[in-house]
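**Q** The numbering of the sequence shown is the numbering used here, which starts it at 214 and goes up by one. The C-beta atom is built at its ideal place from N, Cα and C for all residues, glycine as well. Note that the structure is predicted; figures quoted are calculated from it, not measured.
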Amino acid sequence: MAQKKININTASKDELAALPLIGDERAQTLVEERPFHSWDEIDELPGFDEGLVQDIQRRGAYIEEEEEEAIEEEEW
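Spelled out as structure tokens, the structure:
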């Protein structure tokens with residue numbers, strides 16, 4: 214069975230909360246603090262650590278900037 218990929222920068226709070234060990238509180242933190250450009254930014258958030266970040270990466274979470282932001286940066 215294919216693993217579902219979840220973009221940390223665009224996923225809904227419910228999608229984020231469904232990741233192992235994330236839950237509602239951490240999901241809310243992710244939503245409030247995004248966009249993220251690196252996993253180090255997430256690692257520094259309250260309630261997160263390197264082990265948790267690595268675990269959610271292994272389970273399909275990834276960071277990709279929203280298309281609009283990427284387009285704006287290309288125009289510069």
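1) When you compare only the Cα positions, how much space is there between VAL266 and GLU278?
2) Tell me whether ASN222 sits in a helix, a strand or coil according to DSSP, three-state version.
3) Assign ARG239 to buried or exposed, taking buried as 16 or more other Cβ atoms, counted over all protein chains shown, within 10 Å of its Cβ.
4) Helix or strand or just coil, what does DSSP make of ALA160?
5) On the criterion of 16 or more Cβ atoms from any shown chain inside 10 Å, does ARG271 qualify as buried, or is it exposed?
6) What distance in whole Å lies between the Cβ atoms of ASN222 and PHE249, which are believed to be in contact at a cut-off of 8 Å?
7) Whole angstroms is fine: what's the gap from GLU281's alpha carbon to ILE235's?
**A** So, from the listed chains and residues:
1) Roughly 18 Å between the two C-alpha positions.
2) The three-state reading of DSSP puts ASN222 in coil, since its state is none of H, G, I, E or B.
3) By the Cβ neighbour-count rule, ARG239 is buried, with 16 or more other Cβ atoms within 10 Å of its own.
4) The chain is shown only over 214 to 289; residue 160 falls outside these bounds and no answer can be derived.
5) Exposed: under 16 other Cβ atoms inside 10 Å.
6) The pair is a contact, with the Cβ atoms about 6 Å apart (cut-off 8 Å).
7) Reliability of the predicted coordinates at GLU281 is poor, the pLDDT of 49 falling under 50, and no value is obtained from them.
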